[in-house]
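Top line first, the protein sequences correspond to chains A and B.
When we follow our numbering, the leftmost residue of the first sequence carries the number 138, and every step to the right adds one.
When we follow our numbering, the leftmost residue of the second sequence carries the number 23, and every step to the right adds one.
Just so it is clear, CB atoms sit at the ideal spot from N, CA and C, and this is done for glycine as well.
Structure first, commentary second.
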Amino acid sequence: MSIVLSNISKNFGQFAALNNVSLEIPEGDLVALLGPSGCGKTTLLRIIAGLESPDAGHVVINGQDKTSEHVSHRGIGFVFQHYALFRHMTVFDNVAFGLRVKPRQSRPGEAEISKKVKSLLDLVQLGWLADRFPDQLSGGQRQRIALARALAVEPNVLLLDEPFGALDASVRKDLRQWLRNLHHELHVTSIFVTHDQEEAMEVASQVVVLNHGQIEQQGAPSAIYDHPSNAFVSKFIGQTNIIRVDQAEKVWLSTTGLDGELGSVAHIRPHHIDLSKAENASQSPVIIKDWQHLGAIIRIELFNALLPDTKSLFAEMPSEHFKQLTLDKGDHVIVKIKHANWFN
Amino acid sequence: MTQSRIMPGFKPSLAYTLLYLALIVLIPLSTLVFKSLQLNLEDYWAIISHPRIIASFRVSFLTSLIASAVAGVFGFVIAWTMVRYNFIGKRFLDALIDLPFALPTAVAGVVLATIYQPSGLLGKWLIDSFGLKVAYTPVGIVIALIFVGIPFVVRTVEPVLQEFDTTMEEAAASLGASRWLIFARIIFPNIFPAVITGVSLAFARGVGEYGSVIFIAGNLPYVSEIVPLLIVTKLEQYDYAGATAIALTMLVISFVLLFLINLLQLWARRRSGQ
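Here's what the structure looks like:
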């Protein structure tokens, strides 16, 4: 179901958590709300769910204004950061809860509930844990049970608050892929909150970047990465070298193929920097200060001898290419910058 | 084996635990048993089966059970209010809850007797409007025991409620549960073991309570006479054997009841997966 948020504002005392936020989410999308902590992303999610009410604005789900509707009538599924499983119930009873509390007319029979719960537990591949209590499960298992529980009531919209935040790195990686696949299977409109840009880029079909209670940019992950609409997004998504252009830098940058106005700011992705070995020191003032092997790519830290006060520049290249160039620490390199985003 | 323990000091701490339990609990209690062993079974039975004694046992245990159950309900409500809401005067109320702990029980007894007696502030009103006589009846005993029992319930339930993960309630709401269902199926099962602990503490205290009860009870034989009072009466008559016989019986019954309550608690904890 599609979700339309219009002019949502929310204050906590003096603090403006959300400031006039408008957002449209088409049906069936998997959307990430991304931003640093305190940017209002969780508040926005809770407002969509009805766990928080906005000071101003409207929440429209599938054409119906749900702004003043109680959370229990919104037809949403909510997955909490710390799972919020009912610890006095077995996994089976947790998943069955949403079906058992339905009003009598629409409540399925116990046999039907049992069948449904089993199929959901199979969906999250944890059928063998049905009789356990939440305290006996690992974090990843709890998260998947929480998801099964939310899906049991067949929500129109699935909302996930930092779904992988409390998990360790390897489990997180598996679950991201799994969530993406699950979404492909179910096609339920889903929104998840994260502060991890990598996670947002990897899982979501649409990314909404928030900062200080406002939307900075919304779009496909590739669009946001390649065409950040402002300096914040550029800095927040992926690695970026930031150079404020003054006289000395203008001269140096022109040798790398970049032409910038004085006072403007260049954001340069590390993989947009091309390096080649200089024959001798006079050919280039730039020295390789250090490099790290990150698997498929090599990250190279560069030091400009002419501009000793500026921050190090980071370049990245495939490790095979790095080997071909036979570069090492202390080598002088010629720098070519293929692309930069300019902000003021 | 003991070398591999992570926490050091197991032996000395166990030794101290046993020493103090022996000095403070076991030796006095065993003296009680030995003292009553001086009686033969027939004498013992003659003392215990006296109708006045049996009546007092009924009064003591029934009033304690009723009072601890009532304290359980209202103690839970108070704990709920204190944890879940913020209001002016909360700190004052918080201090008020502990008052029955601190107040000399005799003082509480005199005060309760004064206001609940037929000419007293509340006593008069209760008689006039409901025909309910509180002072000098078992109802008075129940009220006194609720007074001393409530803080036990409040103080055991409060920390558990504070720790209760409120996102469980939000999760239940998002799954379509009404407020009542959230309370009945989510909050209550998680808090219930703590309520039972509080109730059993209130009950144990109630059975042994003396000071706050005797003034309001009126101590009418067969009606509102409690066991501790009978023990004191026997002692005053230098009937030590009789006093210990009653005391021992009371000890055994209390122990069995507390044991049953513990079983109930265990069952509740199991059910709540803790």
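Taking L188(A) as the query, report the chain B residues whose CB atoms sit under 8 Å from its CB, ordered along the chain. Per Cβ cutoff of 8 Å: E192, A195, S196.
Taking its Cβ as the centre, do 16 or more other Cβ atoms sit within 10 Å of K203(A), making it buried, or is it exposed? By the 16-neighbour rule on beta-carbons within 10 angstroms, K203(A) is buried.
Return the CA-CA distance between F329(A) and L288(A), expressed in angstroms with no decimal places. Just so you know, the alpha carbons of F329(A) and L288(A) end up roughly 15 Å apart.
Between G171(B) and the rest of its own chain, which residues show a CB-CB distance below 7 Å, the 5 nearest in sequence each way excluded? Non-local beta-carbon contacts of G171(B) in its own chain, meaning distances under 7 Å to residues more than five positions away in sequence, involve A89, S90, A93, A224, R227, G228 in chain order.
Would H404(A) pass as a contact of K475(A) if the rule is Cβ separation under 7 Å? Going by C-beta atoms, H404(A) is not nearer than 7 Å to K475(A).
Rank V232(A), E247(A), I437(A) by C-alpha distance to the C-alpha of Q216(A) and give the top, closest one. According to the sequence shown, residue 216(A) is Val rather than Gln. Its Cα nearest to that of V216(A), the residue V232(A) stands out among V232(A), E247(A), I437(A).
Is there a C-beta anywhere in chain A that falls below 7 Å from the one on A124(B)? So, not an interface residue.
Less than 7 Å between CB atoms is the rule here; does A221(A) satisfy it with respect to chain B? Yes, contact with chain B.
What are the boundary residues of the alpha helix (DSSP H) that includes T53(B)? Per DSSP, T53(B) belongs to the alpha helix (DSSP H) from 49-59.
Distance, Cα to Cα, L87(B) vs W67(B)? One C-alpha to the other measures close to 25 Å.
Provide the residue span of the beta strand (DSSP E) that contains W315(A), from first to last. Segment 306-323 is the alpha helix (DSSP H) holding W315(A); no beta strand (DSSP E) there.
What residue does the alpha helix (DSSP H) around V249(B) start on, and which one ends it? First-last of the alpha helix (DSSP H) with V249(B): 249-258.
First and last residue of the alpha helix (DSSP H) that includes N231(A)? Looking at the DSSP string, the run of the alpha helix (DSSP H) that includes N231(A) is 228-237.
M23(B) to L41(B), Cα distance in whole Å? Caution is warranted here: a pLDDT of 47 is assigned to M23(B), below 50, making its placement in the model unreliable, and the coordinate value is therefore given only provisionally. Taking the straight line joining both Cα atoms gives about 24 Å.
By the criterion of Cβ-Cβ separation under 9 Å, what are the contact partners of F229(A) in chain B? Residues of chain B with a Cβ closer than 9 Å to the Cβ of F229(A) do not exist; the shortest Cβ-Cβ separation is about 12 Å.
Proximal residues to I69(B) (C-beta, below 6 Å), its chain only, five neighbours per side dropped: Shown here for I69(B): same chain residues with a beta carbon closer than 6 Å to its own, the five before and five after excluded, namely G264, A267 in chain order.
Kindly indicate if chain B contains any beta-carbon less than 7 Å away from that of V232(A). Chain B contact via Cβ: absent.
Based on Cα-Cα distance, which residue from F270(A), L155(A), I425(A) lies nearest to I352(A)? Ranking the options by Cα distance to I352(A), first place goes to L155(A).
Cutoff 7 Å; reference P173(B); Cβ partners in own chain excluding five residues on either side: Setting aside the 5 residues that flank it on each side, P173(B) is surrounded in the same chain by I119, D120, P122, F123, each with a C-beta closer than 7 Å to its C-beta; the list follows chain order.
Let me know the secondary structure DSSP gives K203(A) once reduced to three states. Correct three-state label for K203(A): coil.
Should Q334(A) go down as buried or exposed, given a rule of 16 or more other Cβ atoms within 10 Å for buried? Burial check for Q334(A): the Cβ neighbour count within 10 Å reaches 16 or more, so the residue is buried.
By DSSP, does P365(A) sit in helix, in strand, or in coil? It is coil, neither helix nor strand.
Put R224(A) into one of helix, strand or coil per three-state DSSP. The three-state reading of DSSP puts R224(A) in coil, since its state is none of H, G, I, E or B.
Extent of the continuous beta strand (DSSP E) run through A452(A): From DSSP, the beta strand (DSSP E) with A452(A) extends over 450-455.
With a cut-off of 7 Å, does the C-beta of T266(B) fall near any C-beta of chain A? Interface annotation, T266(B): not in contact with chain A, CB-CB separation never under 7 Å.
Enclosing alpha helix (DSSP H) for S342(A) [first to last residue]: Careful: S342(A) lies outside any alpha helix (DSSP H) and carries neither H nor E.
CA-CA distance, G214(A) and F109(B)? Computed Cα separation, rounded: 33 Å.
With a cut-off of 8 Å on the beta carbons, I'd call A477(A) and L395(A) a contact; round off their distance for me. Correct: roughly 6 Å between the Cβ atoms.
Supposed contact pair L167(A) and L342(A) - C-beta distance, whole angstroms, cut 8 Å: Just to set this straight, residue 342(A) is Ser in the shown sequence, not Leu. Yes, they are in contact, since the Cβ atoms of S342(A) and L167(A) sit about 5 Å apart, within 8 Å.
Classification of L182(A) by the beta-carbon crowding that lies within 10 angstroms, buried from 16 upward: By the neighbour-count criterion, in which a residue is buried when 16 or more other Cβ atoms sit within 10 angstroms of its Cβ, L182(A) is buried.
For chain A, check one thing: does any of its Cβ atoms lie closer than 7 Å to the Cβ of N108(B)? Not a single CB atom of chain A sits nearer than 7 Å to the CB of N108(B).
Just to confirm before moving on: does the CB-CB distance between V402(A) and V472(A) stay below 7 Å? Against a cut-off of 7 Å, the Cβ pair of V472(A) and V402(A) comes out as no contact.
Could you name the residues that DSSP lists as bridge partners for Q429(A)? Beta-bridge pairing links Q429(A) to R436(A).
Own chain residues within Cβ distance below 7 Å of S146(A), not counting five before or after: Within the same chain, S146(A) has close Cβ partners L155, N156, N157, P191, D192, A193, G194.
Going by other Cβ atoms of all chains shown within 10 Å of its Cβ, with 16 needed for buried, is K460(A) buried or exposed? In the assembly as shown, K460(A) is an exposed residue. Its beta-carbon has fewer than 16 other beta-carbons within 10 Å.
Using only the alpha-carbon positions, how far apart do D268(A) and L464(A) sit? Per the coordinates, the alpha-carbon of D268(A) lies some 59 Å from the alpha-carbon of L464(A).
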